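Participant:
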Amino acid sequence: MNSIQKNRLKDQLFKFWGIACTLAGLVLLVIFIGGILVDGLSRIDWAFITDLPSRKAEKSGIWTPLMGSVWVLILTALISFPISVAAGVYLEEYAKKNRLSALLEINISNLAGVPSIIYGLLGLEVFVRIMHLGASVLAGALTLSLLILPIIIVATREAIKAVPNSIREASYALGASKWQTIWNQVLPASSGGILTGVILALSRAIGETAPLIVVGALAYVPFAPKGPLDQFSVLPIQIFNWISRPQQGFIDNAAAAIIILLFITFIMNGIAVYFRNKWQKKLQ
Amino acid sequence: MPKIRELIIEKSLLSSALITIAVTVGIILVLTIETFSFFKEVSIFDFFTDIEWTPLFTQKHYGILPLLTGTLLTTFIAISVALPIGLSISIYLSEYAPRSFRKTIKPLLELLAAVPSVVYGFFALVVVTPYLQQFIPNLSGFNSLSAGIVMGIMIIPFVSSLSEDALFAVPKALREASYGMGATRLQTAFKVVVPAASSGIIVSIILAISRAIGETMIVAIAAGQQPRLTLDPTVPVETITAYIVQVSLGDVQHGSLEYRTIFAAGITLFIFTFLLNTVSFRIRKKYREKYE
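Listed in order, the protein sequences are those of chains D and B.
My numbering puts the first sequence at residues 443 to 726.
My numbering puts the second sequence at residues 19 to 310.
1) Going by C-alpha to C-alpha distance, which of D/GLN627, D/ILE641, D/TYR561 and D/GLN726 sits closest to D/LEU588?
2) Identify which residue in B/LEU204, B/HIS272 and B/ARG278 has its Cα closest to the Cα of B/ALA115.
3) Flag D/ILE486 as yes if its beta-carbon sits less than 7 Å from any beta-carbon of chain B, otherwise no.
4) Nearest chain B C-beta to D/ILE536 closer than 7 Å, yes or no?
5) Just checking my contact of D/VAL568 with B/GLY44 at CB under 8 Å: how many whole Å lie between their CB atoms?
6) So, does the region 709-726 of chain D touch the region 635-644 of chain D, judging by three or more C-beta pairs under 8 Å?
7) Quick one: any contact between the region 500-519 of chain D and the region 531-546 of chain D, if contact means 3 or more CB pairs under 8 Å?
8) Kindly list the residues whose CB is nearer than 7 Å to the CB of B/THR72, restricted to its own chain and excluding five residues on each side of it in sequence; keep chain order.
9) Taking the alpha carbon of D/LEU642 as the reference point, which residue from D/GLN689, D/VAL605 and D/ILE593 has its own alpha carbon closest?
10) Quick check: what's the CA-CA separation for D/PRO507 versus D/ILE679?
11) Name, please, each residue of chain D whose Cβ falls closer than 9 Å to the Cβ of B/GLN205.
12) Any Cβ of chain D within less than 7 Å of the Cβ of B/PHE13?
13) Is D/SER686 helix, strand or coil when you go by DSSP?
14) Got a sec? Which residues, its chain only, sit under 7 Å from B/ILE26 by beta carbon, not counting five neighbours each side?
15) By DSSP's criteria, B/TYR80 is part of a beta bridge. Which residues make up the other side?
16) Should D/ALA696 and D/ILE706 be called a contact, given that it needs their Cβ atoms to be closer than 7 Å?
17) Thinking just about the alpha-carbon of each residue, which of B/GLN151, B/LEU36, B/THR279 and B/GLY166 is nearest to the one in B/SER135?
18) Looking only at C-alpha atoms, which of B/ALA40, B/SER181 and B/LEU47 sits nearest to B/ALA226?
19) Comparing alpha-carbon positions, which option in B/ALA238, B/ILE224, B/SER106 and B/SER266 lies nearest D/LEU455?
20) Can you have a look at B/THR76 and say buried or exposed, based on whether 16 or more other CB atoms are within 10 angstroms of its CB?
21) Might you give, ordered along the chain, the residues of its own chain that have their beta carbon closer than 8 Å to the beta carbon of D/VAL656, omitting 5 neighbours on each side?
22) Within a Cβ cutoff of 6 Å, which residues of the same chain sit near B/ILE109, ignoring the five residues on either side of it in sequence?
23) Go ahead and pull the three-state DSSP assignment for B/GLN152.
24) If you reduce the DSSP assignment to three classes, tell me which class D/SER578 lands in.
25) What does a CB cutoff of less than 8 Å around B/GLU310 pick up in its chain, not counting 5 residues either side in sequence?
26) At a CB distance below 7 Å, what residues from the region 561-589 of chain D approach chain B? Give them in sequence order.
27) Please list the partners that B/ALA96 has in chain E, where partner means a Cβ-to-Cβ separation under 8 Å.
28) At 8 Å on the CB atoms, spell out the chain D contacts of B/VAL145, in chain order.
29) So what does DSSP say about D/GLN673, is it helix, strand or coil?
30) Roughly how many whole angstroms lie between the Cα atoms of B/ALA283 and B/MET235?
31) Within the 7 Å Cβ cut-off, does D/SER633 reach chain B?
32) To the nearest whole angstrom, what separates the beta carbons of B/PHE290 and B/ILE231, a pair I think is in contact under 8 Å?
33) Taking 7 Å as the threshold (beta carbon to beta carbon), is B/VAL297 in contact with chain D?
34) Thinking D/THR598 and D/VAL527 are a contact (beta carbons under 8 Å), I'd like their distance in whole angstroms, please.
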């Protein structure tokens, strides 16, 4: 075999190696989800969703952590959405190229890389202790809002960047002010992209465990929260709690709760992808 | 009148943007103030040289080294998994794969990063550890090996996505020149495209390391809660993040020394990731200028 043939062979071998690597992660994910479905699917019924937690594995349900997750999700969305979209609009439409905007930019990029558990420490000190919110739904939601702020800001900026300048110019030509242009033209035109970013950020928030544990969300809460100042648990914390127990019954419960958590996460990701595709088509 | 309205709107948008700065300042203040009180009671020398970390026992030691080695050990294992696989994926997708395949596979790979980390923890503890125990009989039920491997799978898309973007951005002319000299795709990839995209690839690796250092639930579930100074991947260890979770789950009094240990551990973690993120941001800025 001469060196040309050798090189061609190596080239082919790498191709197969590349395909194998690309599929390896996905195959593992499929095997893993398959295993969880086998363990947990038989455990899921209506009672599993509506039952309160219990000492006995087979009587335990996920009602309180599920409601906790819903509460946290809604509050997080309400808090983070206006702030981060406003920040994104400022950075794209108003900020001049100066020291302040450079600082804002490097700061947001850094915040995106701060480990989530650090946000938990911030929430514990500021929201739980200094603001006396206790280990409440509100304290958890505020913490997660700060965590997803950089994600939504970046998505908002990308979406606004994609709006063609001709739209702005047409609006100015008709005598609209800067804010009227943004509110009536730029934001509607970029809404699809912003929405995608918000949903992706929220799907990240619903899976977050560590910061909420640090803030003091409990593994066992007897009742679902009724207001923003009530104690709470969330689905991932309930899963974590069940995994830490030795009995097989709780492992099955954990698998069943994971199915529900993954279902919610994948649905949210699916909706986000749908909005993105629809929006990108509209822009073109 | 409308002018004033516009001004008010601009200022309120600005104040939203400034909240992000307040968050950073808040994080730094909270961590340093609590750590400062911590070092009033524990000598900073012991913190860096003591080889035991036992703040929750009667015999108290406050040496961060065991937590640090635990963190770096799991991170090292994760990167050893994610780096070769992630890089191979990125090279395959940008140099070999047909466009349609690339377009469908990328969002699927991102799905790996969308799965909540508590789910990966379950995977590591319930599936991977029992499987590995067939081959490594003395593998403990909690160990850094399975936690690290699973963490590596989770961060594959961090490496592959960003590296692929960097590879794809390399101008076509460079590739064509290489093909014109008779090089194969593999030779072109490793001798031309990868070197040209090296800064982007380095950024992706740094971000993956930073992500692995801060990862919490996988290690809290599968790596154990026993801080020990070891590089043995088969025994239980404890990472900085897992320690913070362990303390948070217990009933620790606000303002006590135990309470402050999590901030001292937290600031160590924060400094590490902050340095890594800053370096990657710098490289990225430089690299952007190179191509535009």
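Note that beta-carbon positions come from the ideal geometry of N, C-alpha and C, so glycine has one too.
Computed from a predicted model, the values in this text were never measured in an experiment.
Facilitator: This is what the structure holds:
1) D/TYR561
2) Taking each of B/LEU204, B/HIS272 and B/ARG278 in turn and checking the Cα distance to B/ALA115, the smallest one comes out for B/LEU204.
3) no
4) According to the sequence as given, residue 536 of chain D is Tyr; it is not Ile. It does: the Cβ of D/TYR536 has a partner Cβ on chain B nearer than 7 Å.
5) 6 Å
6) Here the region 709-726 of chain D lies against the region 635-644 of chain D, with 3 or more beta-carbon pairs under 8 Å apart.
7) no
8) Apart from the 5 residues on each side of it in sequence, B/THR72 sits with its Cβ closer than 7 Å to the Cβ of LYS78 and HIS79 in its chain, given in chain order.
9) The closest CA to that of D/LEU642, considering only D/GLN689, D/VAL605 and D/ILE593, is found on D/ILE593.
10) Cα atoms of D/PRO507 and D/ILE679: separation of roughly 8 Å, rounded to the nearest angstrom.
11) Within 9 Å Cβ-Cβ: ASN449, LYS452 and ASP453.
12) The first residue shown for chain B is 19 and the last is 310, placing residue 13 of chain B beyond what the model contains.
13) coil
14) none
15) B/TRP71
16) no
17) For the set B/GLN151, B/LEU36, B/THR279 and B/GLY166, the Cα lying nearest the Cα of B/SER135 is the one of B/GLY166.
18) B/SER181
19) The closest CA to that of D/LEU455, considering only B/ALA238, B/ILE224, B/SER106 and B/SER266, is found on B/SER106.
20) With fewer than 16 other Cβ atoms within 10 Å, it is exposed.
21) If we look at D/VAL656 and ignore the five residues flanking it on each side, its Cβ neighbours are ILE559, GLY562, LEU563, GLY565 and LEU566.
22) ALA207
23) Residue state, collapsed to three classes: coil.
24) strand
25) Interpretation of B/GLU310 is limited by its pLDDT of 44, a score under 50 that renders its predicted location unreliable; the figure taken from the coordinates is listed afterwards. Hits under 8 Å: none found.
26) LEU563, LEU564, GLU567, VAL568, ARG571 and LEU588
27) No chain E is present in this structure, whose protein chains are D and B.
28) PHE474 and GLY477
29) Three-state result, D/GLN673: strand.
30) 16 Å
31) no
32) Separation of the CB atoms of B/PHE290 and B/ILE231 is rounded to 6 Å, and the pair is thereby assigned contact status at 8 Å.
33) no
34) 5 Å
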